[in-house]
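Sequence lines, in order, name chains A and B. Residue numbers for the first sequence follow numbering that gives the first Met the number 0, so the first one is 0 and each next one is one higher. Residue numbers for the second sequence follow numbering that gives the first Met the number 0, so the first one is 0 and each next one is one higher. No residue lacks a Cβ here, since even glycine has one placed at the ideal position from N, Cα and C.
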Amino acid sequence: MTRSVLRTLQVTGAATAALLVLSACSSDDSSSDDSSSAGSGSSSDKLSGTVTVFAAASLKESFEKLGKQFEREHPGTKVTFSFGGSDSLAAGITGGAPADVFAAASPKTMKIVTDAGDAASGTPATFVRNELEIATLPGNPDKIGSLKDLTGSGLKVVLCDKEVPCGSAAQKALDASGLKLTPVSYEQDVKAALTKVELKEADAAVVYKTDVKAAGDKVEGVAFPESADAINDYPITLLKDARNTATAKAFIALVRSAEGQKVLTGAGFLKP
Amino acid sequence: MPLPLLLPALVGLVFLILPLLALLIRAPWRSLPDQLTSHEVWQALQLSLLCATAATAVSLVIGVPLAWLLARVEFRGRGLVRALVTLPLVLPPVVGGVALLMALGRNGVVGKWLDDWFGLTLPFTTAGVIVAEAFVAMPFLVISVEGTLRAADPRYEEAAATLGASRFTAFRRVTLPLIAPGVAAGAVLAWARALGEFGATITFAGNFPGRTQTMPLAVYLALQSDPAAAISLSLVLLAVSVAVLAGLRDRWMTAS
């Protein structure tokens, strides 16, 4: 009884393996990029190995969710992330850090990588956009209602450093509205800026809408109309020195798929 | 000479020296004068020197008595206290910065009272930089001074006491001159550590040019946009470090 079950299993196992080999061959023949990366046909293309994704700090929550989903859909794969300021990530990539995929928070930081010739051919695709918002203390005790409110009185405001996308976006919004704001600190990335408000060390920070959302009730978001002047495009690209091209491509496809977009817009990102 | 020793020794030597050489090789020598005379660099350098010196002064005022306590007074749990004092030596500086925020931040355990009673907040201020640097650098001084105290003969102090000196007078007039070289060496080490401090500073005090942006922070942020500037700034720090080593040379060379 058990022996026959085992035998059937062995046979089906062998058959599946054979099928996999066949399908792998056939997909090799007609290897167009898009067909191999559709999220649904997960069992037919055999993906494996580790993908290393360098992503902007603001993508942390949504990408971690997508990474888990990817690993579930493609058993045997592993997605590892390095989140940080897009500039330091770009500097890392041009400096030779081993990464397969780069998702930046601005075209400018992506350009550092493409200019250095470290991206795979083709222009990086914009996969989401992000809008700024003011993060205040819970309950907004300082009654901050606009970008202008941040410039007055003895408020402690933190901004991202101008070299980081969230900082240059904030500067753009301030310039567009003719406001001059002196923060108490220029933080090295958006999460560091948000943390200062979460810890109540600062009264407000200009961060992304997605970060406010991710922080839950630890901060309160205040939208401001000037943010429309400073919407950031987020480009994603495969890197030239990727060691795991097929799996990396599949991950990018997941990010850009309807499924991926649902996770990202759920986190507060805007559609590209 | 045994090859199994010589070969790793040479590898070790190259490993330590190569990165510094690379810094010199890749330095933008032509634009260096312009880079180094820029306002931002001077601002950051001045702030660094000021804060490192102030942090060393703070460490001297409270660190030397602490070293004396550890070396000369027998009390229960002295080993534990010594371990706690040396903890910042091995703690990642960023963790130190977070801990300082929890303690002395505007909403911190103690910082809350400082704010309520005196309107005093440390994060985002130059004083905050000094606090962060002193936290990280003081253990160097304490360890160095404690070691010197243990090596110093306590009979000199006892003799002073038999001649009628109070314990404090004996410390001031007899012990302190005796251990002066150890104090000086500890102070230089602490100063150098404070000068290079990055993690605790950016976490606790933030980053604002002229107020809390010290040289290491400027190097880090410059690296993201202008690597040439970062290399120039690094050269300045390297030069300062070499100067510190030269100052310590007598002590270390003669000791070995």
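If we ignore side chains and look at the alpha-carbon of each, how far apart do residue i and residue j end up?
i: Arg154(B); j: Val57(B); result: 29 Å
i: Gln187(A); j: Asp174(A); result: 21 Å
i: Leu35(B); j: Cys50(B); result: 20 Å
i: Val182(B); j: Ala191(B); result: 14 Å
i: Ile16(B); j: Ala169(B); result: 46 Å
i: Gly137(A); j: Phe14(B); result: Here residue 137(A) is Pro; the residue named in the question, Gly, does not match the sequence. Roughly 51 Å separates the two Cα atoms.
i: Leu216(B); j: Asn206(B); result: 7 Å
i: Ala164(B); j: Ser240(B); result: 41 Å
i: Asp107(A); j: Leu83(B); result: Here residue 107(A) is Lys; the residue named in the question, Asp, does not match the sequence. C-alpha separation (whole angstroms): 46 Å.
i: Ala252(A); j: Thr209(A); result: 22 Å
i: Ala238(B); j: Gln170(A); result: 35 Å
i: Leu265(B); j: Leu119(B); result: What the structure shows of chain B is the stretch from 0 to 255, and residue 265(B) is not part of that stretch, so it cannot be assessed.
i: Leu140(B); j: Val40(B); result: 29 Å
i: Ala53(B); j: Ile133(A); result: 36 Å
i: Thr236(A); j: Gly84(A); result: 17 Å
i: Gly195(A); j: Val189(A); result: According to the sequence displayed, residue 195(A) carries Lys and not Gly. When rounded, the distance between both Cα atoms is 10 Å.
i: Thr85(B); j: Ala21(B); result: 33 Å
i: Ser47(B); j: Gly11(B); result: 31 Å
Looking only at its chain, what residues have a beta carbon closer than 7 Å to the beta carbon of residue i, apart from the 5 residues adjacent to it on each side?
i: Leu44(B); result: Met214 and Val235
i: Val173(B); result: Tyr155, Glu156 and Ala159
i: Thr49(A); result: Lys77, Thr79 and Asn243
i: Arg258(B); result: Any answer about residue 258(B) is impossible in this case: the structure gives chain B only from 0 up to 255.
i: Asp160(A); result: Gly166, Tyr185, Glu186 and Gln187
For residue i, does the three-state DSSP call read helix, strand or coil?
i: Leu269(A); result: strand
i: Ile133(A); result: strand
i: Arg210(B); result: coil
i: Ser26(A); result: Only weak support is given to the placement of Ser26(A): the predicted model assigns it a pLDDT of 40, under 50, and the value that follows is read from those uncertain coordinates. Ser26(A): helix per DSSP, three-state reduction.
i: Asp117(A); result: coil
i: Asp216(A); result: helix
i: Ile235(A); result: strand
i: Thr209(A); result: helix
i: Val108(B); result: coil
i: Gly48(A); result: strand
i: Arg128(A); result: strand
i: Val163(A); result: coil
i: Thr246(A); result: helix
i: Phe53(A); result: strand
i: Lys142(A); result: coil
i: Val183(A); result: coil
i: Leu69(B); result: helix
i: Gly84(A); result: coil
i: Phe101(A); result: strand
i: Lys77(A); result: strand
i: Ala204(B); result: coil
i: Leu90(B); result: coil
i: Ala96(A); result: coil
i: Leu158(A); result: strand
i: Ala204(A); result: strand
Quick one: residues in its chain with C-beta nearer than 6 Å to the C-beta of residue i, no 5 flanking neighbours on either side, listed in chain order?
i: Ser145(A); result: Phe223
i: Ala151(B); result: Leu177 and Ile178
i: Phe82(A); result: Ala54, Ala56 and Lys59
i: Gly75(A); result: Ser47
Exposed or buried, what is residue i when buried is set at 16 or more other beta-carbons lying within 10 Å of its beta-carbon?
i: Glu60(A); result: buried
i: Glu130(A); result: buried
i: Ala102(A); result: buried
i: Glu73(B); result: exposed
i: Met109(A); result: buried
i: Asp99(A); result: buried
i: Asp268(A); result: Here residue 268(A) turns out to be Phe, not Asp, going by the sequence shown. Flag for Phe268(A) reads buried.
i: Asp33(B); result: exposed
i: Leu244(B); result: exposed
i: Lys142(A); result: exposed
i: Gly62(B); result: buried
i: Ala241(A); result: buried
i: Thr123(B); result: Looking at the sequence shown, residue 123(B) is not Thr but Phe. Per the 10 Å Cβ criterion, buried.
i: Leu9(B); result: exposed
i: Thr181(A); result: exposed
i: Thr122(A); result: exposed
i: His38(B); result: exposed
i: Asp216(A); result: exposed
Within the same chain, show all residues whose beta-carbon is closer than 8 Å to that of residue i, passing over the 5 residues directly before and after it, in chain order.
i: Pro87(B); result: Gly95, Phe134, Val135, Met137 and Pro138
i: Gly177(A); result: none
i: Phe146(B); result: In the sequence under discussion, the amino acid at residue 146(B) is Gly, which differs from the Phe named in the question. Excluding positions up to five away in sequence, the list reads Gly181.
Legend entry - Completely contained beta strand (DSSP E) runs for the region 138-171 of chain B, where each covers 3 or more residues: none
Inset, instruction - Please list the residues of the region 134-167 of chain A that have a C-beta atom closer than 9 Å to any C-beta atom in chain D, keeping them in chain order. - result: Going by chain labels, chain D is absent from the structure shown, which instead holds the protein chains A and B.
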